[in-house]
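Student:
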Amino acid sequence: MKILVCISNVPDTTSKINFTDDHKSFVSAGVQYIINPYDELALTRALEITEKDGGSVTVINVGDASTDATIRKALAIGATDAVRINAAPRDAYFVAKQIAQYAKQHAFDLILTGRESIDYNGGQVASMVAELLDMPSVTNIKLLQLENGVATMEREIEGGKELLTCPLPLVGSATEGIAEPRIPNMRGIMSARTKPLAVVDAVDVALLTEVIGYDKPKTRSNVNLIAAEDVAKLVTLLHTEAKVI
Amino acid sequence: MSVLVYVENTAGKIKKSALESISYSYALATQQNVKLTAIVFGNTDTATLGNYGVSEVLHVTDNAYQTFNAAAYASSIAEAAKKINATIVVVSNSFSGKGLAPRIAVKLECGFVDGAISLPKTENGFVVRKGAFSGKAFADVSILSPVKIIALNPNSFPVTEQAVTATVTAFTPTTNANDFKIVVKDTIKASDKISLPEAELVVSAGRGLKGPENWGMVEELATLLGAATACSKPVSDAHWRPHSEHVGQTGIAVSPNLYIAIGISGAIQHLAGVSSSKTIVVINKDPEAPFFKAADYGIVGDAFEVVPKLIEAVKAFKASNA
Ligand SMILES: Cc1cc2nc3c(=O)[nH]c(=O)nc-3n(C[C@H](O)[C@H](O)[C@H](O)COP(=O)(O)OP(=O)(O)OC[C@H]3O[C@@H](n4cnc5c(N)ncnc54)[C@H](O)[C@@H]3O)c2cc1C
Ligand SMILES: Nc1ncnc2c1ncn2[C@@H]1O[C@H](COP(=O)(O)O)[C@@H](O)[C@H]1O
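First to last, the protein sequences are chains U and R.
With the working numbering, letter number 245 in the first sequence gets 245, and the count goes up by one each step, no holes.
With the working numbering, letter number 143 in the second sequence gets 143, and the count goes up by one each step, no holes.
1) Would you say Gly99 of chain R reaches chain U, if we count a Cβ-Cβ gap shorter than 7 Å as a contact?
2) Would you say Pro11 of chain U touches ligand 3, meaning its beta carbon is less than 6 Å from a heavy atom?
3) When the Cα of Val202 of chain R is compared with those of R:Ile39, R:Ala253, R:Pro212 and R:Asn321, which residue comes out closest?
4) Go through its chain and collect everything with a Cβ distance to Gln32 of chain U's Cβ below 6 Å, but skip five positions before and after it.
5) Between Thr44 of chain R and Ile14 of chain R, how many whole angstroms is the CB-CB distance? I'm expecting something under 8 Å.
6) What residue does the alpha helix (DSSP H) around His239 of chain U start on, and which one ends it?
7) Is the shortest distance between the beta-carbon of Asn153 of chain R and the beta-carbons of chain U less than 7 Å?
8) Quick check: the segment 178–191 of chain U against the segment 35–53 of chain U, are at least 3 beta-carbon pairs closer than 8 Å?
9) Determine the DSSP secondary structure at Tyr6 of chain R, reduced to helix, strand or coil.
10) Could you name the residues of the segment 24–55 of chain U whose beta carbon sits closer than 9 Å to any beta carbon of chain A, in the order they occur along the chain?
11) Run through chain U and tell me which residues come within less than 7 Å of Asp45 of chain R, C-beta to C-beta.
12) Starting from the beta carbon of Thr61 of chain R, find every residue of chain U whose beta carbon is closer than 9 Å, and list them in chain order.
13) Taking only the alpha-carbon atoms, compute the straight-line gap between Asn153 of chain R and Ser94 of chain R and give it to the nearest angstrom.
14) Using a Cβ-Cβ distance under 7 Å, would Tyr329 of chain R count as near chain U?
15) Smallest Cα separation from Asn178 of chain R: which of R:His59, R:Thr10, R:Asn69 and R:Tyr24?
16) Looking at ligand 2, does it come within less than 6 Å of Glu116 of chain U, judged from the CB to the closest heavy atom?
17) For His239 of chain R, would you say it is in contact with chain U, using Cβ-to-Cβ distances shorter than 7 Å as the test?
18) With H, G and I counted as helix, E and B as strand and the rest as coil, what does DSSP make of His239 of chain R?
19) Does any C-beta atom of chain U lie closer than 7 Å to the C-beta of Leu209 of chain R?
20) Going along chain U in order, which residues have a C-beta closer than 8 Å to the C-beta of Asp286 of chain R?
21) Check each candidate in R:Gln31, R:Ala319 and R:Val54 and name the one with the smallest Cα separation from Glu161 of chain R.
22) Whose C-alpha, out of R:Gly50, R:Thr279, R:Lys136 and R:Lys121, is nearest the C-alpha of Ala242 of chain U?
23) Starting from the beta carbon of Ser137 of chain U, find every residue of chain R whose beta carbon is closer than 8 Å, and list them in chain order.
24) From what residue to what residue does the alpha helix (DSSP H) around Ala132 of chain R run?
25) Measure the C-alpha to C-alpha separation of Gly188 of chain U and Ala82 of chain U and round it to an integer number of angstroms.
26) Excluding sequence positions up to five away, which residues of its chain have a Cβ less than 8 Å from the Cβ of Ala132 of chain R?
27) How should Val150 of chain U be labelled, buried or exposed, when 16 other C-beta atoms within 10 angstroms of its C-beta is the threshold for buried?
28) So what's Ser23 of chain R in DSSP terms, helix, strand or just coil?
29) Rounded to the nearest angstrom, what separates Ile245 of chain U and Val218 of chain R at their Cα positions?
30) Just to make sure I have the definition right: I need the residues of chain U whose C-beta is within less than 7 Å of the C-beta of Glu198 of chain R. Which are they?
31) Going along the segment 211–222 of chain U in order, which residues come within less than 7 Å of chain R, judged by CB to CB distance?
32) Are the beta-carbon atoms belonging to Ala74 of chain R and Leu4 of chain R less than 7 Å from one another?
33) State yes or no: is the beta carbon of Leu225 of chain U nearer than 7 Å to at least one beta carbon in chain R?
34) Among U:Asp109, U:Val199 and U:Ile178, whose alpha-carbon lies nearest the alpha-carbon of Asp53 of chain U?
35) Does any C-beta atom of chain R lie closer than 7 Å to the C-beta of Asp119 of chain U?
36) Count the other CB atoms within 10 Å of the CB of Ala316 of chain R; is the residue buried (16 or more) or exposed (fewer)?
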């Protein structure tokens, strides 16, 4: 079993999000970077599968040298080896093209991504990689079992879930439920330093989208506090002032 | 030239989020001065589409396309888009829409913006606004390719009626066997529940409720208001509630008209997923809870006293407005 897990390097969830004065770029000074939480779930499930059935888990990241610390963390959690496609990610299509290009040369049985990255929130990469490789794709997988080359999955849908099966190879995106994240142990951290991290050149890709600016939502000015004895007033205000009921 | 909208349905019924996408697409078609074509799969009530500005309906009736299949639907939509020379393709940013739009984008080699929250600005190219950093920011994304694809976020565009005459044409996509590898064994839906990502009203509760046995009043308030229920992450991590109810940065991002937070502290990761709600009400016994800084209305008090009173007050309100 050969599994490829795509990991994105994202600001820690507690980060304050700030942009440069011209609104063009994210201010990364002072920000701690982590493995995207959903990608960590995908990685954990991949490790559980290979620990049981044998095989390898390769992690891939499209990024510049600044993401190496995050890649090492994935190796410390247990990935066999890692690949970094050496380019700043430009959009999901760019990232997917790089991953598909690499996957074409290595015949993976299963390619996993996270449901979405918590910075761009695109949720696009898995389906794009699948399309580029002409493979089936399943998004928002909350349960994944492999047996005799067939994947059995639960996928999240509006107000419920779908049970599916699909022969491998397959591309999927992971969401909560698929696994519980693992904390790397000392041995993992030590061995991560010597595990292979290949750096590969990026292929040229036409630019299809470009973020031209960022903005922050308006902050709420002042909360209207209503006395606990006076809930009826809240209901009235929701009707007459907020007009939401 | 035309705008092509994919119309999602559940059991033949056109979803509200799909009506929003159609209304959005009609506004787009008007902006671009082209006509609006819809593509529908399976047993769908095509007759109503004309009420929302659709002038042409492509109807896929082939049995193989009765249930959602990301690869097969994407192939069909891309084929239809080429056939009618569509310049913009619109889908809903739902679980299904998100599963197929990236595939269409690759097939048409066109730029895709997911989770759009407004009509594009066209003075300077074609710029679509979407949420980013899990609700902590917005990104303005310029689509550079001639053909464009947009996935519209639920609750971002009003359903608008616009009566036109719609012609319905059968559309038979070229079938590619590779698109049919996935088999759906079963679909399990809590059909009596309002779907959280699309809900207009949401009642949410956190660890302040102490245990799963106390969710009765949350359910009751939600049912009374016609709201969906949600929860904070520790609540679903502890399996008090299903993961599908978890909202926030690492859960579902919601943007309802009303979000009521009960016994939730208002951690940055929670706020990220709910701050684009139009109105926020916070009920918490701690006056220092950070959530009050992000709220429009607040009640400082014990949830076990306030929520039952709120239920009574809503009942009284409904009785007097009936
Ligand atoms: C990587 C990461 C991602 C995360 N993602 C998310 C996410 O997506 N969504 C999310 O929600 N969290 C997320 N979290 C967790 C987040 O940091 C908080 O821990 C969590 O939101 C707290 O949940 P809570 O408010 O229910 O519980 P608590 O913080 O324990 O707050 C309980 C609140 O209830 C109040 N309370 C207690 N008793 C009563 C009573 N009787 N009546 C009224 N009020 C009462 C208390 O005053 C308190 O404010 C994430 C954390 C990490 C590290
Ligand atoms: N730069 C990247 N390198 C590797 N994988 C990525 C990268 N960006 C996104 N991904 C993967 O694609 C998923 C969805 O990302 P996105 O489409 O940005 O929401 C993430 O959860 C990752 O698994």
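Every residue gets a Cβ at the ideal spot worked out from N, C-alpha and C, and that includes glycine.
Tutor: Concretely, from the data shown:
1) Locating residue 99 of chain R in the second sequence gives position 99, counting from the first residue. So, interface residue.
2) In the structure on display, ligand 3 does not appear, and the ligands it does have are ligand 1 and ligand 2.
3) Taking the second sequence and counting its residues from 1, the one referred to as residue 202 of chain R is at position 202. With distances taken between CA atoms, Val202 of chain R lies nearest to R:Ala253 out of R:Ile39, R:Ala253, R:Pro212 and R:Asn321.
4) The count along the first sequence starts at 1 and reaches residue 32 of chain U at position 32. Its chain contains Asp12 as the residues whose beta carbon lies nearer than 6 Å to that of Gln32 of chain U, once the 5 sequence neighbours on both sides are disregarded; these appear in chain order.
5) To locate residue 44 of chain R, count along the second sequence from 1; it is residue 44. To locate residue 14 of chain R, count along the second sequence from 1; it is residue 14. Going by Cβ atoms, the distance from Thr44 of chain R to Ile14 of chain R rounds to 7 Å, so yes, they are a contact pair.
6) If you number the first sequence from 1, residue 239 of chain U lands on position 239. Start and end: Val231 to Thr240.
7) Numbered from 1 along the second sequence, position 153 holds the residue referred to as residue 153 of chain R. It does not; no Cβ of chain U falls within 7 Å.
8) These segments touch.
9) Sequence index remark: in the second sequence, residue 6 of chain R carries index 6 (1-based). It is a strand residue.
10) The structure shown contains no chain A; its protein chains are U and R.
11) As a first step, residue 45 of chain R must be located in the second sequence, where it is residue number 45. Correct list: empty, because the minimum Cβ distance to chain U is about 19 Å.
12) Here the question's residue 61 of chain R lines up with position 61 in the second sequence. Those do not exist, as Thr61 of chain R stays about 22 Å from chain U at its closest Cβ, beyond 9 Å.
13) Position 153 of the second sequence, counting from 1, holds the residue named residue 153 of chain R. Position 94 of the second sequence, counting from 1, holds the residue named residue 94 of chain R. So the two alpha carbons sit approximately 8 Å from each other.
14) Past the boundaries of the shown model lies residue 329 of chain R; chain R is included only from 1 to 322, so the question cannot be answered.
15) What you label residue 178 of chain R is simply residue 178 of the second sequence in a count that begins at 1. Per the Cα distances, R:Asn69.
16) Walking along the first sequence from the start, residue 116 of chain U turns up at place 116. Distances taken from the Cβ of Glu116 of chain U to the heavy atoms of ligand 2 include one shorter than 6 Å.
17) Translated into the one-based positions of the second sequence, residue 239 of chain R becomes position 239. So, not an interface residue.
18) Indexing the second sequence from 1 puts residue 239 of chain R at position 239. Assigned with DSSP and collapsed to three states, His239 of chain R falls in coil, not helix or strand.
19) In the second sequence, residue 209 of chain R corresponds to position 209, counting from 1. With 7 Å as the cut-off, Leu209 of chain R does not count as an interface residue toward chain U.
20) Within the second sequence, residue 286 of chain R is the residue found at index 286, counting from 1. In chain order: nothing, as chain U lies at least about 13 Å away.
21) What you label residue 161 of chain R is simply residue 161 of the second sequence in a count that begins at 1. Relative to Glu161 of chain R, the option among R:Gln31, R:Ala319 and R:Val54 whose CA is nearest is R:Val54.
22) The residue given as residue 242 of chain U occupies position 242 in the first sequence. The shortest Cα separation from Ala242 of chain U among R:Gly50, R:Thr279, R:Lys136 and R:Lys121 belongs to R:Thr279.
23) Along the first sequence, read from residue 1 onward, the residue named residue 137 of chain U stands at position 137. Ordered by position in chain R, the residues that pass the 8 Å Cβ test against Ser137 of chain U are Ala70, Ala71, Gly99 and Arg103.
24) The residue you call residue 132 of chain R lines up with position 132 of the second sequence. Run containing Ala132 of chain R: none in the alpha helix (DSSP H); it sits in the beta strand (DSSP E), Val127 to Ala132.
25) Here residue 188 of chain U is taken as the residue at index 188 of the first sequence, counted from 1. Here residue 82 of chain U is taken as the residue at index 82 of the first sequence, counted from 1. The C-alpha of Ala82 of chain U is placed about 14 Å away from the C-alpha of Gly188 of chain U.
26) Counting from 1 along the second sequence, the entry for residue 132 of chain R is found at position 132. Cβ within range, chain order: Phe138 and Ala139.
27) As a first step, residue 150 of chain U is located in the first sequence; it is residue number 150 there, counting from the start. Val150 of chain U is exposed by the Cβ-count criterion.
28) Numbered from 1 along the second sequence, position 23 holds the residue referred to as residue 23 of chain R. Correct three-state label for Ser23 of chain R: helix.
29) As a position in the first sequence, residue 245 of chain U is number 245, starting the count at 1. As a position in the second sequence, residue 218 of chain R is number 218, starting the count at 1. Their backbone Cα atoms lie some 17 Å apart in a straight line.
30) Taking the second sequence and counting its residues from 1, one reaches residue 198 of chain R at position 198. Chain U residues near Glu198 of chain R: Glu158.
31) Within the segment 211–222 of chain U, the residues whose Cβ lies closer than 7 Å to some Cβ of chain R are Val211, Ile212, Gly213, Tyr214, Asp215, Lys216, Pro217 and Arg220, listed in chain order.
32) Residue 74 of chain R sits at position 74 when you count from the first residue of the second sequence. Residue 4 of chain R sits at position 4 when you count from the first residue of the second sequence. No.
33) One-based indexing of the first sequence puts residue 225 of chain U at position 225. At a cut-off of 7 Å between C-beta atoms, Leu225 of chain U counts as an interface residue with respect to chain R.
34) To locate residue 53 of chain U, count along the first sequence from 1; it is residue 53. Asp53 of chain U has its Cα closest to that of U:Asp109, out of U:Asp109, U:Val199 and U:Ile178.
35) The residue given as residue 119 of chain U occupies position 119 in the first sequence. Taking Cβ atoms only, chain R reaches closer than 7 Å to Asp119 of chain U, which makes this a yes.
36) Mapped onto the second sequence, residue 316 of chain R falls at position 316. So Ala316 of chain R ends up on the exposed side.
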